[in-house]
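To start, the structure itself, in structure tokens.
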Amino acid sequence: MPLSSKHLLGLEGVSKKEIELIFKTADIFKEVLERPIKRVPTLTGKTVVNLFYESSTRTRISFELAERRLSADIVSFSASTSSTSKGETLKDTARNIEAMKIDIVVIRHSAPGAPLFLSKILNSSIINAGDGAHEHPTQALLDMYSLREKFGKLEGLKVLIVGDISHSRVALSNIYGMTTMGIDVSVCGPATLIPRELDKLGVKIFYNLDEAIKHKNVIMALRIQLERQKVGLFPSTREYYNYFGITKERLKSAKKDVVIMHPGPINRGIELDSDIADSKYSIILEQVANGVAIRMAILYLLSGVESSLKV
Ligand code: CP
2 MPLSSKHLLG LEGVSKKEIE LIFKTADIFK EVLERPIKRV PTLTGKTVVN LFYESSTRTR
62 ISFELAERRL SADIVSFSAS TSSTSKGETL KDTARNIEAM KIDIVVIRHS APGAPLFLSK
122 ILNSSIINAG DGAHEHPTQA LLDMYSLREK FGKLEGLKVL IVGDISHSRV ALSNIYGMTT
182 MGIDVSVCGP ATLIPRELDK LGVKIFYNLD EAIKHKNVIM ALRIQLERQK VGLFPSTREY
242 YNYFGITKER LKSAKKDVVI MHPGPINRGI ELDSDIADSK YSIILEQVAN GVAIRMAILY
302 LLSGVESSLK V
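Written as structure tokens, this is what we have:
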């Protein structure tokens, strides 16, 4: 296997060399995606099942496109229209699907650890497409890939992640991946939404956004995840916007060429002003576009296809 594991469960423990291999492989697939016919035979004969137990627009469509463009056979599953709604467990669903001879499972689930659980009971490769507030490794890979494309390198960049750090799988995967790649990572948000132990991961913590954004190359705003908060951890979305919303006024104290990112879906007027989301600073749609090449790279590298990449 070109990667040290046959699964992608998270970026914790994934090495710089492995991340660079993923990026170099994505470069090849990005070129394929520029062609008039955006399909290669790389995964012909392989079967991928997309198990989505939670809502998704970007990740689900991006995985499906990546699989189709690699010529894999694909099956997509939604919890709401499956026998999950009749009480079937994740274990039973997964083992029944695997009995039909599959190779790779892509799973999104609200329970942290659901992909790890599947990796212990199935023989297929498991790809985590977001597990609760734990990790979302392909999102962090496409984020870093987009920054590599924008700046030419990752080492030494100063990135600020703003918002609900406690409930964000995007933040945790980016913190693991970015610190591995030599990026200087800071976070900022309400004290109730930042884990106290975060500095142990090599991250700087700010509670004042105007202070935090100075000298940063990149500001990544996160979605306020009201569905994962059991108690109100900030008084109102209006107050959140006043203290932590990214606005034109606030960007006056940022670097002139600062880059704005957001994993989506955006709550416009809460995390980001609408005109900032659509401005020249924003690379939000580049992030989405790069997701397909990154997911093609992961699917290829985990597929066990032995021959060298011919596209
Ligand atoms: N970024 C992301 O995971 O978006 P979706 O929830 O739409 O997949």
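Whatever position you read off the sequence shown (first residue = 1), add 1 for our numbering. Virtual Cβ for every residue (Gly too), placed ideally from N, Cα, C. Everything numeric in this text was worked out from a predicted model, so none of it was measured.
- Task: Just the C-alpha distance for residue 197 and residue 205, rounded to the nearest angstrom, thanks.
- Result: Numbered from its first residue, the sequence shown carries residue 197 at position 196. Numbered from its first residue, the sequence shown carries residue 205 at position 204. The alpha-carbon atoms of residue 197 and residue 205 are separated by roughly 11 Å.
- Task: Check each candidate in 257, 99, 13 and name the one with the smallest Cα separation from residue 220.
- Result: Numbered from 1 along the sequence shown, position 219 holds the residue referred to as residue 220. Answer by Cα proximity: 257.
- Message: DSSP three-state label for residue 269, please.
- Response: By 1-based counting over the sequence shown, the position of residue 269 is 268. If DSSP states are grouped into helix, strand and coil, residue 269 belongs with the strands.
- Message: For residue 111 and residue 253, I'd like the C-alpha separation in whole angstroms.
- Response: Counting from one through the sequence shown, the residue named residue 111 turns up at place 110. Counting from one through the sequence shown, the residue named residue 253 turns up at place 252. Residue 111 and residue 253: Cα-Cα distance of roughly 38 Å.
- Task: Check whether the Cβ of residue 194 lies closer than 9 Å to any Cβ atom in chain D.
- Result: Given the protein chain composition of this structure (a single chain), no chain D is represented.
- Query: Should the segment 234 to 241 be called in touch with the segment 296 to 305, which here means at least 3 C-beta pairs below 8 Å?
  - Reply: no
- Message: Whether or not the segment 51 to 61 and the segment 72 to 86 are in contact is what I'm after, with contact meaning three or more pairs of Cβ atoms, one per stretch, closer than 8 Å; do they touch?
- Response: yes
- On the three-pair Cβ rule with 8 Å, is the segment 161 to 169 touching the segment 4 to 14? no
- Task: Could you tell me which of 201, 172, 182, 177 sits nearest to residue 188, measuring between CA atoms?
- Result: Here residue 188 refers to the residue found at position 187 when the sequence shown is read from its first residue. Ranking 201, 172, 182, 177 by Cα distance to residue 188 puts 172 first.
- Query: Can you list, in chain order, the stretches of the beta strand (DSSP E) that have 3 or more residues and sit fully within the segment 62 to 149?
  - Reply: 74 to 79, 105 to 110, 126 to 132
- Query: Rounded to a whole number of angstroms, what is the C-alpha to C-alpha distance between residue 47 and residue 104?
  - Reply: Residue numbering aside, residue 47 sits at position 46 when the sequence shown is read from its first letter. Residue numbering aside, residue 104 sits at position 103 when the sequence shown is read from its first letter. Distance between the alpha carbons of residue 47 and residue 104 is about 6 Å.
- Apart from the five residues on each side of it in sequence, which residues of its chain come closer than 7 Å, Cβ to Cβ, to residue 65? Locating residue 65 in the sequence shown gives position 64, counting from the first residue. If we look at residue 65 and ignore the five residues flanking it on each side, its Cβ neighbours are 51, 75, 77.
- Item | Where the beta strand (DSSP E) containing residue 205 begins and where it ends | Sequence index remark: in the sequence shown, residue 205 carries index 204 (1-based). First-last of the beta strand (DSSP E) with residue 205: 205 to 207.
- Which class does residue 221 belong to by DSSP, given the choice of helix, strand or coil? The count along the sequence shown starts at 1 and reaches residue 221 at position 220. Strand.
- With burial defined as no fewer than 16 other Cβ atoms inside 10 Å of the residue's Cβ, what is the status of residue 137: buried or exposed? As a first step, residue 137 must be located in the sequence shown, where it is residue number 136. With 16 or more Cβ atoms within 10 Å of its Cβ, residue 137 is classed as buried.
- Message: Quick check on residue 262: does DSSP put it in helix, strand or coil?
- Response: Numbered from 1 along the sequence shown, position 261 holds the residue referred to as residue 262. Strand at residue 262.
- Message: Per DSSP, what are the beta-bridge partners of residue 52 in this structure?
- Response: Here residue 52 corresponds to residue number 51 of the sequence shown, with the count starting at 1. Answer is 78, 108, bridged to residue 52.
- Message: Across the segment 28 to 43 and the segment 56 to 65, are there enough close Cβ pairs to call them in contact, namely three or more that are closer than 8 Å?
- Response: no
- Any heavy atom of the ligand CP closer than 8 Å to the CB of residue 226? As a first step, residue 226 must be located in the sequence shown, where it is residue number 225. Flag unset: Cβ of residue 226 not near the ligand CP.
- One or two residues paired with residue 211 in a DSSP bridge: Within the sequence shown, numbered from 1, the residue matching residue 211 stands at position 210. For residue 211, which the question treats as bridged, DSSP gives no partner whatsoever.
- Message: Report the CB separation of residue 273 from residue 222 in whole angstroms; it is logged as a contact under 8 Å.
- Response: For this step, residue 273 is matched to residue 272 along the sequence shown. For this step, residue 222 is matched to residue 221 along the sequence shown. 5 Å between Cβ atoms; contact.
- Item | Three-way DSSP call (helix, strand, coil) for residue 15 in this model | Position 14 of the sequence shown, counting from 1, holds the residue named residue 15. Three-state DSSP puts residue 15 in coil, outside helix and strand.
- Helix, strand or coil at residue 234 according to DSSP, with G and I counted as helix: Residue 234 sits at position 233 when you count from the first residue of the sequence shown. Three-state result, residue 234: coil.
- residue 161 bridges to which residues according to DSSP? Translated into the one-based positions of the sequence shown, residue 161 becomes position 160. Bridge partners of residue 161: 187, 220.
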